[in-house]
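Down below is the structure, laid out as structure tokens.
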Amino acid sequence: MTTLLISDLHLQPDAPEITEGFLRWLQERAQGANALYILGDLFEAWIGDDLLDLAESDPTGNALLAARVATALKRLSDNGTDIYLMHGNRDFLLGERFARAAGAQLLADPAVVAIDGQSVLLMHGDSLCTRDEAYMRFRAQARHPAWQQQVLAMPILERIALAKQLRDQSGEATSNKADDIMDVTPDEVVRVMREHGVTTLIHGHTHRPAVHELTIDERPATRMVLGDWRPTEGWEIVADEGGQPQLNRFPLS
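So the sequence shown is numbered by this note's numbering: it starts at 6 and just counts up by one.
Written out as structure tokens, the structure is:
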């Protein structure tokens, strides 16, 4: 009984090494796993599930990429692995249609799940970065159903342009922010773990892979942070039956 957790792959046509590495990982590493949790930002951007209708007519290559990833995930699901998808700050418009195509279930953020009999809190991690006030305002807007419906009603080419604009703005804003602002707020970590009654939290988003030991209400607790995938390496957390979850870095090539 093996559970795998990954996040922040940021798959995009401009990074084919990551895509090919992920497809190999699904075929070689994830086969036989009991469950796979993808904790957000599977894609660098997602403009709506109707992207799947474009196939090879999409000049950006995103539709073909989405179809390849969905097919590979569905194959893993058909072989017996339960797959769960959580929204990230880049692919928050992922919907039920893509999930069905991938043989996956959409997972709320946050979510408490049982891993090897232990309650574990799973999050993407962006909601923990409360010191980044500008981003938190955007997050509240982007997760609002009315805003999402308005965006999804736009012609698809306009959505493609909007996604590029948002990525450019995010990159510019990030370059001007202090490192600590873009990391989690320690008090918020304690608050959400206490609220959900857990001693283990797993998340991504910050691209700062590490295992943090802390104390909450005089009890030992653990925060595990997944890393982002790059052309040369990927990150996973592996939870085997009877053992402690392990954070692993591995080569993609």
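Glycine is no exception: its CB is placed at the ideal position from the N, C-alpha and C atoms. Note that this is a predicted model, so its numbers are computed, not measured.
When the options are compared against residue i, the one with the closest alpha-carbon
i, options, result
"LEU70", "LEU171, LEU14, LEU231 and SER82", "LEU14"
"ILE221", "TRP240, MET198 and ARG235", "MET198"
"GLY247", "SER62, ILE120 and HIS201", "ILE120"
"GLY93", "GLY209, ARG80 and SER82", "GLY209"
"ALA147", "ALA104, ARG235, ASP96 and ALA109", "ASP96"
"ASP19", "ILE11, PRO64, TYR42 and ILE43", "PRO64"
"LEU81", "ARG102, VAL118 and GLY108", "GLY108"
"GLY45", "LEU257, GLN32 and HIS212", "HIS212"
"HIS217", "ILE186, VAL243, ARG34 and LEU252", "LEU252"
"LEU78", "GLU33, GLY66, ALA113 and SER62", "GLU33"
"GLU138", "SER62, ILE186, TRP152 and ARG102", "ILE186"
"ILE165", "ASP54, ALA104 and GLY202", "ASP54"
"LEU47", "HIS201, ALA183, ARG235 and LEU167", "ARG235"
"GLN110", "VAL118, TYR89, VAL117 and GLY130", "TYR89"
"MET91", "ILE23, ASP131 and GLU200", "ASP131"
Spatial distance of residue i from residue j (CA atoms)
i, j, result
"ALA50", "GLN123", "33 Å"
"ALA145", "THR86", "33 Å"
"PRO115", "GLN36", "26 Å"
"LEU157", "LEU99", "11 Å"
"ARG142", "ILE52", "20 Å"
"GLU163", "LYS169", "10 Å"
"LEU133", "ASP188", "8 Å"
"GLN154", "VAL125", "32 Å"
"GLN249", "LEU127", "16 Å"
"PRO150", "VAL243", "34 Å"
"LEU10", "ILE43", "6 Å"
"GLY202", "ILE161", "42 Å"
"ARG102", "ARG254", "31 Å"
"LEU167", "MET159", "10 Å"
"SER313", "ILE207", "The structure shown does not extend to residue 313, since the chain spans only 6 to 258, so no value can be given for it."
"VAL118", "HIS129", "14 Å"
"PRO21", "TRP152", "31 Å"
"ASP184", "THR76", "37 Å"
"ALA72", "ALA113", "23 Å"
"LEU31", "GLU200", "34 Å"
"LEU257", "ILE23", "7 Å"
"ALA2", "SER62", "An answer regarding residue 2 cannot be provided, because it is not within the stretch 6 to 258 covered by the chain."
Residues near residue i in its chain [Cβ-Cβ closer than 6 Å; skip 5 each side]
i, result
"GLN17", "GLU49"
"ASP245", "THR7"
"VAL195", "ILE221"
Neighbourhood of residue i by C-beta distance below 7 Å, restricted to the same chain and skipping five residues each side
i, result
"THR135", "MET141, THR190 and GLU193"
"ASP83", "GLY108"
"ASN67", "PRO18 and LEU56"
"LEU219", "ALA226 and ARG228"
"ALA215", "VAL230"
"ALA106", "LEU57, ALA75 and LYS79"
Own chain residues within Cβ distance below 8 Å of residue i, not counting five before or after
i, result
"THR204", "MET198, ILE221, ARG224, PRO225, ALA226 and THR227"
Chain D within 8 Å of residue i, Cβ atoms only
i, result
"HIS129", "Protein chain content of the structure displayed is limited to a single chain, and chain D is not contained in it."
Mind listing, in chain order, the continuous beta strand (DSSP E) runs of no fewer than 3 residues lying wholly within the stretch 76 to 111? 87 to 91
contact_flag[the stretch 165 to 175, the stretch 223 to 238] where n(CB pairs < 8 Å) is 3 or more: no
What are the uninterrupted segments assigned as beta strand (DSSP E) that are 3 or more residues long and contained completely in the stretch 105 to 178, given in chain order? 109 to 112, 116 to 120 and 123 to 127
Under 8 Å: do the stretch 24 to 44 and the stretch 54 to 64 share three or more Cβ pairs, one atom per stretch? no
Taking one C-beta from the stretch 234 to 244 and one from the stretch 18 to 31 each time, how about it: are there three or more such pairs within less than 8 Å? yes
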